[in-house]
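Heads up, the sequence shown is in the working numbering, so the first residue is 8 and it goes up one at a time. Heads up, the beta-carbon is just placed ideally off N, CA and C, and yes, glycines get one too. Values in this document were obtained by computation on a predicted structure and should not be read as measured data. Report on the structure given below.
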Amino acid sequence: MELHHVHLSMLEGKGLIEYDGRDGTIRYYECELMTNVLAAVERYGTEYSNN
């Protein structure tokens, strides 16, 4: 719930993503910061799930 109402709205407000609440589609605009953050999240998630 918080993801939809807080975080997605904040990211959309900063121009980093476009969120369509009707169908749940999230589009992000590629930028170096977002690419690095998403890569770190993916690495962390993989490491966490292997433990």
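Beta bridge counterpart(s) of residue i as assigned by DSSP
i	result
Glu39	According to DSSP, Glu39 bridges with nothing at all.
Glu25	Arg34
Whole-Å CB distance - residue i paired with residue j, under 8 Å assumed
i	j	result
Tyr36	Gly22	7 Å
Leu3	Ile33	As displayed, the chain neither begins before 8 nor continues past 58, which places residue 3 out of reach and without an answer.
Candidates the options: closest to residue i by CA position
i	options	result
Glu39	Tyr26, Ala47, His14	Ala47
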